[in-house]
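Below is one structure, written out as structure tokens; the observations come after it.
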Amino acid sequence: MFLKIVIFICAFALQLLVVDGYLLQDYIMKEQEVRNSIMRNYDKTTMPAKLTTVRLRRITIKHFDMDEISHTLAVDAWFIYEWTDPRLKFQPTLDVLKLSMSPNDIWMPDLKLYNDAHPGAVTLFDDTLTLVYPDGRVLHAPPARLHTTCVADLTLWPHDQHNCSIVLGSWVHHGHTIDLRLLENKPKVDLSQQQTPEGKNISRGEWELVMTSLIRKENSYECCPEPYVSVWLTLVVVRDAPAFNWTVKVPVVGLSVLSILLFLLPPAAGEKLILGGLCLLMDLVYIETVTTTVAHSPSHTPLIIQLVCQQFVLVLVSVIIGCIVYRMVHEPHIGGLPTILHRPLSKMATLLCLKGYNNLVSGFRRTLPRSLKSEELELGNGNAIPHSVNDSMIRNEWLFLGALIDRICLILCFTICLLNFIRFHNVL
Numbered sequence: 001m002f003l004k005i006v007i008f009i010c011a012f013a014l015q016l017l018v019v020d021g022y023l024l025q026d027y028i029m030k031e032q033e034v035r036n037s038i039m040r041n042y043d044k045t046t047m048p049a050k051l052t053t054v055r056l057r058r059i060t061i062k063h064f065d066m067d068e069i070s071h072t073l074a075v076d077a078w079f080i081y082e083w084t085d086p087r088l089k090f091q092p093t094l095d096v097l098k099l100s101m102s103p104n105d106i107w108m109p110d111l112k113l114y115n116d117a118h119p120g121a122v123t124l125f126d127d128t129l130t131l132v133y134p135d136g137r138v139l140h141a142p143p144a145r146l147h148t149t150c151v152a153d154l155t156l157w158p159h160d161q162h163n164c165s166i167v168l169g170s171w172v173h174h175g176h177t178i179d180l181r182l183l184e185n186k187p188k189v190d191l192s193q194q195q196t197p198e199g200k201n202i203s204r205g206e207w208e209l210v211m212t213s214l215i216r217k218e219n220s221y222e223c224c225p226e227p228y229v230s231v232w233l234t235l236v237v238v239r240d241a242p243a244f245n246w247t248v249k250v251p252v253v254g255l256s257v258l259s260i261l262l263f264l265l266p267p268a269a270g271e272k273l274i275l276g277g278l279c280l281l282m283d284l285v286y287i288e289t290v291t292t293t294v295a296h297s298p299s300h301t302p303l304i305i306q307l308v309c310q311q312f313v314l315v316l317v318s319v320i321i322g323c324i325v326y327r328m329v330h331e332p333h334i335g336g337l338p339t340i341l342h343r344p345l346s347k348m349a350t351l352l353c354l355k356g357y358n359n360l361v362s363g364f365r366r367t368l369p370r371s372l373k374s375e376e377l378e379l380g381n382g383n384a385i386p387h388s389v390n391d392s393m394i395r396n397e398w399l400f401l402g403a404l405i406d407r408i409c410l411i412l413c414f415t416i417c418l419l420n421f422i423r424f425h426n427v428l
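Residue 1 is where the sequence shown starts when you use the numbering used here, and the numbers rise one by one after that.
Printed below as a string of structure tokens:
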């Protein structure tokens with residue numbers, strides 16, 4: 001009994017194999033017959049009709065990258081477009097409902113990228129097979145690498161925004177021969193994303209896509225009266241790199257604060273000149289570091305570079321003033337400040353919160369005998385005070401003047417830095 005069942009199963013399987021083989025062979029024969037019938041006397045260089053309408057059904061953006069150094073935008077996208085070729089019509093059967101055909105065997109619209117960054121280097125579409133339907137409709141859905149030119153405006157770097165357009169159209173045929181039609185006014189964005197368990201996106205790049213659009217345009221040229229149809233795919237990308245907050249903006253703010261602190265040091269301190277020299281060196285290092293990126297801005301200097309350059313000039317002037325004050329305080333003087341300046345300088349000291357320096361100078365003056373003549377002070381005759389006391393008084397007066405100059409420069413530097421922060425707030 002068991003042997004009979006095994007024999008029956010084997011016979012049934014053999015019958016199925018024979019039937020399937022026959023059906024497969026029949027299907028192959030029918031498809032070959034259909035192909036031979038529609039490709040007989042077919043010329044792929046001849047237009048399907050006097051006017052062929054190419055319908056762009058969808059553009060799906062899979063990846064993009066902006067290179068501001070070479071001023072190019074690279075976009076990986078999937079295209080889906082179709083047209084009708086009456087010569088490819090065939091009678092459908094239960095087995096043959098559509099045909100897959102190579103783009104090299106049938107007529108294809110000569111779509112080109114008008115603003116290609118590397119013209120002729122790569123083809124717009126690869127050899128992805130097309131689908132041919134019984135009514136002659138041809139569907140092509142190839143992946144494409146769009147490498148187009150896009151001039152980068154780095155004025156607001158590192159918060160720059162770029163508006164780039166990808167222009168597609170027929171290279172030879174005008175609008176009365178090939179008419180491009182859009183079925184959607186916006187491309188589909190399908191960017192791959194990978195998130196950590198905490199919800200952070202670790203697969204996105206440096207750029208963020210904020211707006212997309214698809215527009216059909218007709219242009220006429222002096223040489224030809226016919227309209228030439230093109231499709232404009234527009235992308236607006238914004239730089240979104242959180243690391244730039246620490247590597248670009250924080251150093252700029254820190255250098256600005258250091259330039260203000262330069263005038264907080266005592267006027268006789270030589271360390272202020274060392275600090276000023278270090279600030280100049282750090283400004284130069286910063287400018288040199290970012291030059292590799294921002295030096296390719298064609299029309300505008302980035303605002304953050306203008307801020308650093310202005311800061312460099314401010315620190316340079318501060319160092320020069322610091323050298324003058326340091327020299328004025330330490331250089332031997334034969335006399336003190338003119339008497340006519342004592343009262344206005346004392347009032348300024350009160351306004352500038354320099355009472356300590358003012359009291360130091362005023363204290364020396366109060367200890368001098370009122371009957372002492374100026375000639376006796378200078379020559380040391382009679383009951384004149386010792387030379388060391390006279391020298392200390394003179395030095396304190398010049399030190400007081402240096403402190404006033406430093407405090408005025410401190411206020412000016414603080415005001416300039418504050419105005420710069422307000423002016424350049426959109427890049428900080």
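Glycine is no exception: its CB is placed at the ideal position from the N, C-alpha and C atoms.
Let me know the beta strand (DSSP E) ranges lying completely inside the region 214–288, each 3 residues or longer, listed in chain order. 228–239
Assuming contact is defined by CB atoms lying nearer than 8 angstroms, are ASP116 and HIS173 in contact in what I supplied? no
Buried or exposed (CB count within 10 angstroms, at least 16 for buried), TRP171: exposed
Under 8 angstroms, do HIS63 and THR149 count as touching if we go by C-beta distance? No, the Cβ-Cβ distance between HIS63 and THR149 is not below 8 angstroms.
Suppose you measure from the CA of CYS309 to the CA of LEU316; what does that come to, to the nearest Å? 11 angstroms
Can you give, in chain order, each stretch of the alpha helix (DSSP H) that sits fully within the region 72–96 and has at least 4 residues? The alpha helix (DSSP H) runs lying completely inside the region 72–96 and spanning 4 residues or more number zero.
Measuring alpha carbon to alpha carbon, tell me which residue in LYS112, ASP406, LEU265, LEU410 is nearest ILE166. LYS112
Should TYR286 go down as buried or exposed, given a rule of 16 or more other Cβ atoms within 10 Å for buried? buried
Can VAL138 and GLU184 be called in contact, C-beta distance under 8 angstroms? With contacts defined by Cβ atoms closer than 8 angstroms, VAL138 and GLU184 do not form a contacting pair.
MET348 (DSSP reduced to helix, strand or coil): In this structure, MET348 counts as helix in the three-state DSSP scheme.
Let's test the definition: count the other Cβ atoms within 10 Å of the Cβ of ILE422 and tell me whether it reaches 16, buried, or not, exposed. With fewer than 16 Cβ atoms within 10 Å of its Cβ, ILE422 is classed as exposed.
Between the alpha carbons of LEU503 and ARG58, how many angstroms are there, rounded? It is not possible to answer for residue 503, since the shown part of the chain is limited to 1 through 428.
Among the residues of its own chain, which have a CB less than 6 angstroms from the CB of LEU428, if the five just before and after it don't count? LYS249
Nearest-angstrom beta carbon gap, GLY169 and SER213 [assumed within contact, 8 angstroms]: Wrong, their Cβ atoms sit about 17 angstroms apart, outside the cutoff.
For TRP246, count neighbouring Cβ atoms within 10 angstroms of its own Cβ and tell me buried if that reaches 16, exposed if not. exposed
I need the DSSP call for THR292, collapsed to helix, strand or coil. helix
Going by DSSP, what residues sit across from CYS164 in a beta bridge? LEU235
Whether LEU156 touches ASN426 by CB criterion (8 angstroms): Yes, they are a contact pair.
Hey, quick one: how far does the alpha helix (DSSP H) through VAL325 stretch, first residue to last? Note, VAL325: alpha helix (DSSP H), 303–330.
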